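Notes to accompany the following structure.
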Amino acid sequence: MDVDCVVVGAGFGGLGAAMTLAEGGARVALCEALKYPGGCASTFTRQGWRFESGATLFSGFDPGQLFDRWITAHSLAVETRVLDPMVELRAGDLRLAVPPSREGLIARLCALPAAPVERLRAFFDTQRAVADTLWALFDDPEMLPPFDLRALGRHALRAHRYAALLPWLGRPLAAVLARHELTHCEPLRVYLDALCQITVQTGVDEAEACFALSATDYCFRGTRHVHGGIGALASALTDALARMGADVRMSDAARSITRDGDVWVVRTRKGELRARTVVANVLPQSLAALAPAVRSPRLAALSARVEEGWGAAMLYLGVAREAPLRAHAHHLELVGDVSKPFVEGNHVFVSVSGLDEPERAPGGARTVTASTHVPMRALAGLDLDAQGRYVAEVQRRMMALIEAQAPELARHVVHRMTASPRTFERFTGRFRGYVGGVPRRAGLHNYEGIWPAPVAPGLYLVGDSVFPGQSTLATAIGGQRVARRILAG
Ligand SMILES: Cc1cc2nc3c(=O)[nH]c(=O)nc-3n(C[C@H](O)[C@H](O)[C@H](O)COP(=O)(O)OP(=O)(O)OC[C@H]3O[C@@H](n4cnc5c(N)ncnc54)[C@H](O)[C@@H]3O)c2cc1C
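Per our numbering, the sequence shown runs over residues 616 to 1104.
Right, here's the structure in full:
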């Protein structure tokens, strides 16, 4: 046997698993197809421009949270910043600068003309009770399954707090707004629709309330900008793995995973690895292709959930240094018509690098990563040319929205690249270019399968298709949970 565990893929799911396994003393090999780690949360270089490939705003950096713990424990040279505002929402005449605290956000919403102050405060009381309960579980890996006796005892002691979740389990966020008579409070509604789309991957009417209320904390739970791009954290983690003795193999795609007695054999571009345990940081469809002999109802069920989801259309823009923008890195969330779905260029998340990151672009210019959701069902029936035209039209709408809502940026664009679901498929190997995880549409099914379980003996899946999924931090926590289960034997 070469190692105890082979991890396939150095996205944040794979990194979370590999870090936890190596910290636990396991001999780990990590093979990544690309020459840099991070997957959808990476930073890539083209013609001297360093762009975030997908994810741009990250939680988990408060003291004691997972990324902070790794930075501290492994002395990682990763610099992070709290931004204020964290995000600026622009929709029609609405301008909402979201500060990095819940109290600050409540104050700004209450200061809007004719704001229903008492009802807003009551809504955020409900939100706080749910979010504080669920985040306490995410911040402490012991509190998520698999549980030991100590964890069960701790859950028993805090059982009274779980009462805050009960009224909302299986119900959409819209029900919480209705309970607080805020259905027609447009600024809150637009803010939540935009936030839910980028976090739980669906709007207020459909989003599972408990997840959506927790995701409402997205801008203030250890949320930071990573100086130089999230690739800095991904690379620091692969360096830490190498220092812990892991065999880190970049540009080494896995081509097949097969069983030989009680050992898994991973054939890669550069050779072969044998281990009792394999952790695959790929979509379930890709794992089924890598390991065709594995017949698992769980893989089939997860694949179906992934296919309810989204692809992304991207603009990677270079903006002249002289553009009249805030000096520090910042994020704009732009919405066109608030009565239409927040997808297909009607909602664009725009992230701009800081002037203090001159290494990101030639001549100290700024990089911009802009993304919007693409419904994959819209692409399904089209041939490749028609898919290209469809995505190009979405990208045209994205640019038109940026010109309308952020002219100070649009007027100074000096460089432009695009990406589509096919680009994600090509670079990150994601099946058909599905990204962003499984949409959390309301229903109790969201709480099924949250126990980390193998898809075959010794073969585990991690990443944004498995619980808790859906963000860089959540996939890392998911990887950590699977690794803890493996270490527990
Ligand atoms: C446009 C966009 C914007 C987003 N914005 C945010 C955000 O602001 N904040 C946030 O927290 N999250 C955001 N997300 C979500 C977040 O990026 C993802 O949920 C998370 O990064 C997914 O990680 P993963 O480990 O599941 O998979 P991936 O990131 O896809 O990683 C999988 C890795 O495996 C590698 N791989 C694939 N096949 C093989 C193989 N056969 N052999 C070896 N290696 C292989 C890939 O190259 C890749 O590096 C965004 C996502 C997108 C697409």
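A virtual CB, placed ideally from N, CA and C, is assigned to each residue, including glycine. Fair warning: this is a prediction, and the values are worked out from it, not measured in the lab.
| Chain-order list of residues whose beta-carbon lies under 8 Å from that of L780 (same chain, five-residue window excluded) | Numbered from its first residue, the sequence shown carries residue 780 at position 165. Contacts found: V745, T748, L749, C825.
| message | If I measure Cβ to Cβ from D754 and keep anything under 7 Å in the same chain, skipping five residues before and after, which residues do I get? | response | Against the sequence shown, residue 754 aligns to sequence position 139. Closer than 7 Å at Cβ, skipping near neighbours: G679, Q680.
| said: Using the three-state DSSP reduction, which class does Y651 fall into: helix, strand or coil? | reply: As a first step, residue 651 must be located in the sequence shown, where it is residue number 36. Coil.
| message | Report the CB separation of A938 from R981 in whole angstroms; it is logged as a contact under 8 Å. | response | The sequence position of residue 938 within the sequence shown is 323, counting from 1. The sequence position of residue 981 within the sequence shown is 366, counting from 1. Yes, A938 and R981 are in contact; Cβ-Cβ is about 7 Å, under 8 Å.
| task | Find out if the Cβ-Cβ distance for the pair R665, G844 is shorter than 8 Å. | result | Residue 665 sits at position 50 when you count from the first residue of the sequence shown. Residue 844 sits at position 229 when you count from the first residue of the sequence shown. Yes, Cβ-Cβ distance for R665 and G844 is below 8 Å.
| message | Please report the distance separating the alpha-carbon of K1092 from that of G631. | response | Along the sequence shown, one-based indexing puts residue 1092 at 477. Along the sequence shown, one-based indexing puts residue 631 at 16. According to the sequence as given, residue 1092 is Ile; it is not Lys. So the two alpha carbons sit approximately 6 Å from each other.
| task | Using alpha carbons as the reference points, say which of V1053, L932, G1048 lies closest to T814. | result | Along the sequence shown, one-based indexing puts residue 814 at 199. When each option's Cα is compared against that of T814, the closest is V1053.
| Less than 7 Å between the CB of D1079 and some heavy atom of ligand 3, yes or no? | Annotation note on ligand 3: not contained in the displayed structure, which lists ligand 1 as its ligands.
| query | Among A985, G669, H775, G639, which one has its Cα closest to the Cα of A1103? | reply | As a first step, residue 1103 must be located in the sequence shown, where it is residue number 488. Of the candidates A985, G669, H775, G639, the one whose C-alpha sits nearest the C-alpha of A1103 is G639.
| said: I'd like to know whether the C-beta atoms of F1039 and R1045 end up nearer to each other than 8 Å. | reply: Locating residue 1039 in the sequence shown gives position 424, where the first residue counts as 1. Locating residue 1045 in the sequence shown gives position 430, where the first residue counts as 1. Contact: yes.
| field | Range covered by the beta strand (DSSP E) that runs through W879 | value | Numbered from its first residue, the sequence shown carries residue 879 at position 264. Start and end: 878-883.
| message | Less than 7 Å separating the Cβ of S901 from some heavy atom of ligand 1? | response | Position 286 of the sequence shown holds residue 901. Yes, Cβ of S901 sits closer than 7 Å to a heavy atom of ligand 1.
| task | Use the C-beta contact count for L767: other C-beta atoms within 10 angstroms, 16 or more gives buried, fewer gives exposed. | result | If you number the sequence shown from 1, residue 767 lands on position 152. It is exposed - the Cβ of L767 has fewer than 16 other Cβ atoms within 10 Å.
| field | the stretch 1047-1062 touching the stretch 951-971, judged by at least three CB pairs closer than 8 Å | value | no
| query | Just to check, is the beta-carbon of V585 closer than 7 Å to a non-hydrogen atom of ligand 1? | reply | Because the chain is modelled from 616 through 1104, residue 585 falls outside the range shown and cannot be assessed.
| In whole angstroms, what separates the C-alpha of F676 from that of V697? | For the purposes of this step, residue 676 is taken as the residue at position 61 of the sequence shown. For the purposes of this step, residue 697 is taken as the residue at position 82 of the sequence shown. So the alpha carbons of these two residues sit roughly 10 Å apart.
| query | Can the beta-carbon of A648 be found closer than 8 Å to that of G669? | reply | Indexing the sequence shown from 1 puts residue 648 at position 33. Indexing the sequence shown from 1 puts residue 669 at position 54. No; because the gap between Cβ atoms is not below 8 Å, this pair is not in contact.
| said: Quick check on R839: buried or exposed, where buried means 16 or more other Cβ atoms within 10 Å of its Cβ? | reply: For the purposes of this step, residue 839 is taken as residue 224 along the sequence shown, with counting starting at 1. With 16 or more Cβ atoms within 10 Å of its Cβ, R839 is classed as buried.
| message | Starting from D854, trace the alpha helix (DSSP H) in both directions and tell me its first and last residue. | response | Mapped onto the sequence shown, residue 854 falls at position 239. 846-858 is the extent of the alpha helix (DSSP H) around D854.
| field | Cβ pair A1021, L949 closer than 8 Å | value | Taking the sequence shown and counting its residues from 1, one reaches residue 1021 at position 406. Taking the sequence shown and counting its residues from 1, one reaches residue 949 at position 334. The answer is yes: Cβ separation under 8 Å.
| query | Should V732 be labelled buried (16 or more other beta-carbon atoms within 10 Å of its own) or exposed? | reply | Your numbering for residue 732 matches position 117 in the sequence shown. Per the 10 Å Cβ criterion, exposed.
| query | Candidates G1084, Y1075, C800: which alpha carbon is nearest R1099's? | reply | Here the question's residue 1099 lines up with position 484 in the sequence shown. The shortest C-alpha separation from R1099 is found at Y1075.
| For L711, which of R870, R804, P912, V1050 has the nearest alpha-carbon? | The residue you call residue 711 lines up with position 96 of the sequence shown. It is R804.
| request: Give a single yes or no on whether F682 has its beta carbon closer than 7 Å to a heavy atom of ligand 1. | output: For the purposes of this step, residue 682 is taken as residue 67 along the sequence shown, with counting starting at 1. Not so, every heavy atom of ligand 1 lies at least 7 Å from the Cβ.
| query | In whole angstroms, what separates the C-alpha of I721 from that of R864? | reply | Against the sequence shown, residue 721 aligns to sequence position 106. Against the sequence shown, residue 864 aligns to sequence position 249. Taking the straight line joining both Cα atoms gives about 47 Å.
| 8 Å contact criterion, which I872 and V878 should meet: CB distance rounded | Here residue 872 refers to the residue found at position 257 of the sequence shown. Here residue 878 refers to the residue found at position 263 of the sequence shown. In fact, because the Cβ distance is near 11 Å, the residues do not count as touching under 8 Å.
| Own chain residues within Cβ distance below 7 Å of Y833, not counting five before or after | In the sequence shown, the residue the question calls residue 833 occupies position 218. The answer, listed in chain order, is S674, L810, T814.
| said: I'd like to confirm the pairing. Which residues does DSSP put opposite A1071 in its beta bridges? | reply: For the purposes of this step, residue 1071 is taken as residue 456 along the sequence shown, with counting starting at 1. According to DSSP, A1071 bridges with L1074.
| query | Going along the chain, which unbroken runs of the alpha helix (DSSP H) with 4 or more residues stay wholly within the stretch 671-708? | reply | 681-688
| task | Using the DSSP secondary-structure output, state which residues sit across from T658 in a beta bridge. | result | Here residue 658 corresponds to residue number 43 of the sequence shown, with the count starting at 1. In the DSSP output, where bridge partners are listed per residue, T658 has E667.
| message | Per DSSP, what are the beta-bridge partners of E948 in this structure? | response | Here residue 948 is taken as the residue at index 333 of the sequence shown, counted from 1. According to DSSP, E948 bridges with L704, F964.
| query | Alpha carbon to alpha carbon, how far is E757 from D763? | reply | For the purposes of this step, residue 757 is identified with residue 142 of the sequence shown, where counting begins at 1. For the purposes of this step, residue 763 is identified with residue 148 of the sequence shown, where counting begins at 1. If I take the Cα positions, the gap works out to 8 Å.
| From E1063, R765, Q816, L709, pick the residue whose C-alpha is nearest to that of P990; which is it? | The residue labelled residue 990 in the question sits at position 375 within the sequence shown. The shortest Cα separation from P990 among E1063, R765, Q816, L709 belongs to Q816.
| said: Please tell me whether, using a cut-off of 7 Å, the distance from the CB of Q1085 to the nearest non-hydrogen atom of ligand 1 is below it. | reply: Taking the first residue of the sequence shown as 1, we reach residue 1085 at position 470. Correct: Q1085 has its Cβ closer than 7 Å to ligand 1.
| request: Consult DSSP for E718 and reduce its assignment to one of helix, strand or coil. | output: In the sequence shown, counting from the first residue as 1, residue 718 sits at position 103. Helix.
| task | Report the option in A944, R734, S901, D617 whose CA atom is closest to the CA atom of T1043. | result | The residue given as residue 1043 occupies position 428 in the sequence shown. Among A944, R734, S901, D617, the Cα nearest to that of T1043 belongs to S901.
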